[in-house]
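Here is the structure we will look at.
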Amino acid sequence: MRLLLALMIPVFAFGQEAATQTKPDEKAPAKTEQAAAAENPAPAASDALVLTGSFDFGYRWVGDVRGSAQQYRSVVNLGEGPKLTGLDFTLVDPKHRLFDRIDARGDGWGGDPYSTAHLEAIKRRIYDLRVDYRNIAYFNAIPSFANPFAPGGFDERSFDIRRRNGYVDLELFPGGHILPYLVFERNSSYGHGVATWVQDNNDEFAVPTLLRDSTNNYRGGVRIEYNRYHVTLEQGGTTFKEDDQAGFNGTNYGDRTAPFLGSTLVLKNLQQAYGIRGTSLYTKIMATASPLSRVDLYGQFLWSEPKTNANYFDIANGNFGLISSLLLYSGQFNIGASAANQPHVVGNAGMEVRPFRNLRIVQSWMTDREHTTGFGALTEQILLTPTATGQSLANALNTLQVVNYNRYQVEAIWDVFSKLTLRGGWRREFGDATVRAGVFDQSGLLASRDLKRDVGLAGITARPFKKLSMNVDYEGASTSTDYFRTSLYNYHRVRARARYQALASLGIQANFAYLTNENPSPDIRYNLDSRASSLSLYWTPEGGKRVSLMAEYSRTTFDSNINYLAFPFYMPSVSLYRENGHTATSMLDVNLPKVGGMEPKLTAGGSLFVSDGTRATSYYQPVGKLSLPLQKHVQWNTEWRWYGFGETAYLYEGFRAHLFMTGLRLIK
Numbered sequence: 057m058r059l060l061l062a063l064m065i066p067v068f069a070f071g072q073e074a075a076t077q078t079k080p081d082e083k084a085p086a087k088t089e090q091a092a093a094a095e096n097p098a099p100a101a102s103d104a105l106v107l108t109g110s111f112d113f114g115y116r117w118v119g120d121v122r123g124s125a126q127q128y129r130s131v132v133n134l135g136e137g138p139k140l141t142g143l144d145f146t147l148v149d150p151k152h153r154l155f156d157r158i159d160a161r162g163d164g165w166g167g168d169p170y171s172t173a174h175l176e177a178i179k180r181r182i183y184d185l186r187v188d189y190r191n192i193a194y195f196n197a198i199p200s201f202a203n204p205f206a207p208g209g210f211d212e213r214s215f216d217i218r219r220r221n222g223y224v225d226l227e228l229f230p231g232g233h234i235l236p237y238l239v240f241e242r243n244s245s246y247g248h249g250v251a252t253w254v255q256d257n258n259d260e261f262a263v264p265t266l267l268r269d270s271t272n273n274y275r276g277g278v279r280i281e282y283n284r285y286h287v288t289l290e291q292g293g294t295t296f297k298e299d300d301q302a303g304f305n306g307t308n309y310g311d312r313t314a315p316f317l318g319s320t321l322v323l324k325n326l327q328q329a330y331g332i333r334g335t336s337l338y339t340k341i342m343a344t345a346s347p348l349s350r351v352d353l354y355g356q357f358l359w360s361e362p363k364t365n366a367n368y369f370d371i372a373n374g375n376f377g378l379i380s381s382l383l384l385y386s387g388q389f390n391i392g393a394s395a396a397n398q399p400h401v402v403g404n405a406g407m408e409v410r411p412f413r414n415l416r417i418v419q420s421w422m423t424d425r426e427h428t429t430g431f432g433a434l435t436e437q438i439l440l441t442p443t444a445t446g447q448s449l450a451n452a453l454n455t456l457q458v459v460n461y462n463r464y465q466v467e468a469i470w471d472v473f474s475k476l477t478l479r480g481g482w483r484r485e486f487g488d489a490t491v492r493a494g495v496f497d498q499s500g501l502l503a504s505r506d507l508k509r510d511v512g513l514a515g516i517t518a519r520p521f522k523k524l525s526m527n528v529d530y531e532g533a534s535t536s537t538d539y540f541r542t543s544l545y546n547y548h549r550v551r552a553r554a555r556y557q558a559l560a561s562l563g564i565q566a567n568f569a570y571l572t573n574e575n576p577s578p579d580i581r582y583n584l585d586s587r588a589s590s591l592s593l594y595w596t597p598e599g600g601k602r603v604s605l606m607a608e609y610s611r612t613t614f615d616s617n618i619n620y621l622a623f624p625f626y627m628p629s630v631s632l633y634r635e636n637g638h639t640a641t642s643m644l645d646v647n648l649p650k651v652g653g654m655e656p657k658l659t660a661g662g663s664l665f666v667s668d669g670t671r672a673t674s675y676y677q678p679v680g681k682l683s684l685p686l687q688k689h690v691q692w693n694t695e696w697r698w699y700g701f702g703e704t705a706y707l708y709e710g711f712r713a714h715l716f717m718t719g720l721r722l723i724k
């Protein structure tokens with residue numbers, strides 16, 4: 057943002073200076089154009105930088121949030137105060153000195169949860185520079201997702217952090233055949249939250265946590281572009297670090313309400329910290345080619361080898377219980393360290409062949425192979441009393457994880473005639489995975505699974521007449537084995553879309569999606585059924601000169617069930633989830649009659665979501681806007697929004713809030 061303002065200040069000053077002219081002395085004789093130009097070396101008006109754009113700013117008021125302020129911040133999180141709602145300008149240099157054109161835009165500044173800034177500078181055939189920055193405020197403290205009544209006044213697993221993303225992308229000699237480029241990307245976050253300190257799987261204590269992490273990505277390469285082929289060679293590397301801390305002083309009884317061995321468990325003091333460091337190098341090669349007029353080829357290869365190291369430490373005092381030894385003790389400290397290495401190879405290749413003018417055959421193959429090795433060690437020291445130590449537990453673990461995934465697909469696309477296209481194909485997915493087995497797995501230290509799936513593909517695109525277009529896509533899969541319990545297994549997926557231009561000013565669009573999945577394994581019995589349909593309408597009489605309307609309605613249903621083992625006795629149980637949802641959105645724009653030569657604009661509408669089922673929810677967001685031009689380059693905007701959220705099963709999470717914002721838009 058500072059960069060954008062720094063660029064704007066000299067630009068406005070330059071424009072003002074160029075626009076200032078001194079009147080000639082009326083008594084002095086007239087001068088020729090050549091003499092005037094010789095005496096006044098200032099650039100002509102056509103040489104001055106040309107600035108166009110807009111600047112939107114204002115102030116937002118937030119009424120009293122009735123209900124759950126935490127839920128309001130988790131869902132909406134719009135704050136009160138002065139705001140820069142929009143900035144968009146273009147700077148052109150007719151003399152093409154340092155640049156040809158600069159485009160900049162930004163929005164959401166002033167404490168809003170999502171702020172952006174983007175700048176692009178171009179000089180033809182010399183460089184193309186892009187800079188982007190995004191600042192995201194992530195707040196999540198939904199009580200029902202954890203334990204809303206956790207002792208100590210904390211909601212477990214909550215976050216209040218700022219995540220920042222940015223990149224600088226420089227491309228040299230755009231438009232040429234050889235294009236070197238350099239890119240730097242950074243992703244970082246900092247903030248506070250609440251996490252759980254787990255004591256021997258016997259109790260969980262919610263404790264305040266400080267969260268910090270950052271990832272830097274450096275990459276550079278060259279693109280070689282010719283009419284019949286394209287090659288990209290890229291080398292890059294990443295660095296990652298995370299430093300989290302948790303601390304507590306006081307009295308925290310945790311989630312366990314029942315005594316253990318006749319004693320109440322409690323946490324009095326905790327200091328916890330862990331740090332992670334990671335690095336990675338990677339190489340990427342991409343190529344496309346058209347050796348023949350009816351043959352296109354492409355391929356990509358990516359190799360990387362990320363490495364990580366982690367260190368952990370905690371020391372805690374209170375009254376704790378060790379289930380395995382039926383032991384009460386007053387404190388403990390843990391020291392742990394681990395390291396991992398993961399060579400990773402991804403490759404894909406494909407081709408498109410057009411044996412006939414109206415027939416295309418597309419084939420593709422992809423493989424993804426990773427092999428992870430790691431080592432970890434943890435030492436735990438039990439403190440029976442402040443002066444006596446108990447047993448010391450040491451655990452060392454070698455970890456192996458191997459995942460191989462392969463996919464082959466072939467499709468034929470046939471243009472039967474100009475208004476009908478058919479598509480058909482087949483996809484084969486196969487692979488294997490070996491990972492560390494779960495605690496209750498009886499197969500040993502490692503668990504292995506295979507993936508074998510066949511998928512049939514079909515589609516049709518029809519344009520029966522000029523104003524109507526339709527297309528339908530279908531996938532049907534049969535799976536014999538898969539990696540995960542919740543993976544798609546034997547499934548059918550249908551997507552259908554239709555668009556009808558009833559009038560020049562009226563367009564109608566309909567969408568439908570259906571997915572059904574079944575895993576018949578006796579210990580899983582996973583069934584899923586999902587449907588979504590929507591209807592949209594766009595009305596712009598006379599090109600939207602006076603009125604324009606957008607309206608959309610969608611209906612969704614979701615139904616799933618899966619077998620699982622319920623804690624603490626691991627009894628076979630069934631998890632059920634149901635949801636029937638209605639979503640509607642509409643927006644009406646009306647250009648009001650002119651007043652004093654100015655044309656106000658009124659916008660009204662909003663959106664809503666209503667569902668019933670396992671987690672019945674209602675969410676309403678009406679909105680009204682008024683835009684009033686004050687003069688040629690100044691526009692006054694005002695906006696009102698209302699947010700209403702409620703859940704039938706969790707009434708304490710509902711909230712209501714009014715938001716009002718007013719401000720100006722300056723246009724140059």
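Just so you know, we're using this note's numbering here: the sequence shown kicks off at 57 and counts up by one. Note that CB positions come from ideal geometry on N, CA and C, so glycine has one too. All of these numbers come straight from a predicted model, not from anything done at the bench.
Spatially closest choice to residue i from the options, by CA coordinates
i: Asp256; options: Tyr699, Ile438, Glu361 and Pro264; result: Ile438
i: Ser642; options: Gln677, Val630, Phe623 and Ala622; result: Gln677
i: Lys688; options: Ala660, Pro656 and Glu703; result: Pro656
i: Trp725; options: Thr718, Ile723 and Lys724; result: The question about residue 725 has no answer, for the chain in this structure spans 57 to 724.
i: Tyr464; options: Arg492, Asp510 and Val491; result: Asp510
i: Glu361; options: Tyr338, Gly249 and Asn373; result: Tyr338
i: His248; options: Arg279, Val418, Glu281 and Ala193; result: Ala193
i: Gly164; options: Gly700, Ser336 and Tyr115; result: Tyr115
i: Val472; options: Ser420, Arg413 and Gly532; result: Arg413
i: Leu684; options: Met654, Tyr675 and Ser663; result: Met654
i: Asn451; options: Ala433, Ala468, Gln457 and Val466; result: Ala433
i: Asn305; options: Gly355, Val322 and Leu524; result: Val322
i: Tyr354; options: Gly318, Thr313 and Met422; result: Met422
Chain-order list of residues whose beta-carbon lies under 7 angstroms from that of residue i (same chain, five-residue window excluded)
i: Arg425; result: Val401 and Asn460
i: Leu266; result: His248, Asp300 and Gln301
Cutoff 6 angstroms; reference residue i; Cβ partners in own chain excluding five residues on either side
i: Thr517; result: Thr477 and Asn527
i: Phe296; result: Thr271 and Gly334
i: Leu605; result: Trp595 and Leu644
i: Gln328; result: Ala302 and Asp370
i: Lys508; result: Phe486, Ser536 and Thr537
i: Glu703; result: Thr673 and Glu709
i: Lys681; result: Thr659 and Glu695
i: Ile391; result: Phe369 and Thr435
i: Lys324; result: Asn373 and Gly374
i: Arg220; result: Asn191 and Ser244
i: Val278; result: Pro236 and Leu289
i: Lys340; result: Glu290 and Leu358
i: Gly430; result: Ala396 and Thr455
i: Thr613; result: Arg587 and Asn636
i: Pro80; result: Bear in mind that a pLDDT of 39 at Pro80, under 50, signals an unreliable position, so the number given afterwards is only what the model happens to contain. Excluding residues within five positions, none has a Cβ falling inside 6 angstroms.
Residue i - containing beta strand (DSSP E), residue span
i: Arg242; result: Ile234 to Gln255
i: Arg410; result: His400 to Phe412
i: Val106; result: Val106 to Val118
i: Ala343; result: Val322 to Leu348
i: Phe296; result: Tyr285 to Asn308
i: Asn619; result: Val603 to Ala622
i: Lys20; result: As shown, the chain starts at 57 and ends at 724. That puts residue 20 outside it, with no answer to give.
i: Thr542; result: It is not in any beta strand (DSSP E) - Thr542 carries neither H nor E in the DSSP assignment.
i: Leu434; result: Leu415 to Thr441
Limits of the alpha helix (DSSP H) - the one that residue i falls within
i: Ala493; result: Where Ala493 is concerned, there is no enclosing alpha helix (DSSP H), given that its DSSP letter is neither H nor E.
i: Arg181; result: That residue, Arg181, is in no alpha helix (DSSP H); it is neither H nor E in DSSP.
i: Arg587; result: Where Arg587 is concerned, there is no enclosing alpha helix (DSSP H), although the beta strand (DSSP E) it sits in stretches over Tyr582 to Trp595.
i: Arg219; result: Careful: Arg219 lies outside any alpha helix (DSSP H), inside the beta strand (DSSP E) at Ser214 to Leu228.
i: Ala125; result: Ala125 to Val131
Any non-hydrogen atom of the ligand ZN closer than 7 angstroms to residue i Cβ
i: Tyr706; result: This structure lacks the ligand ZN, and indeed carries no ligand of any kind.
Check whether residue i and residue j have beta carbons under 8 angstroms apart
i: Phe195; j: Arg122; result: no
i: Asp188; j: Tyr237; result: no
i: Leu140; j: Gly167; result: no
i: Arg581; j: Gln565; result: no
i: Gly293; j: Ser336; result: yes
i: Arg350; j: Val409; result: yes
Exercise. Which runs of the beta strand (DSSP E), 3 residues or longer, sit entirely within the segment 679–706?
Worked result: 690–703
Exercise. What beta strand (DSSP E) runs, 3 residues minimum, are completely inside the segment 349–398?
Worked result: 351–360, 363–378 and 383–397
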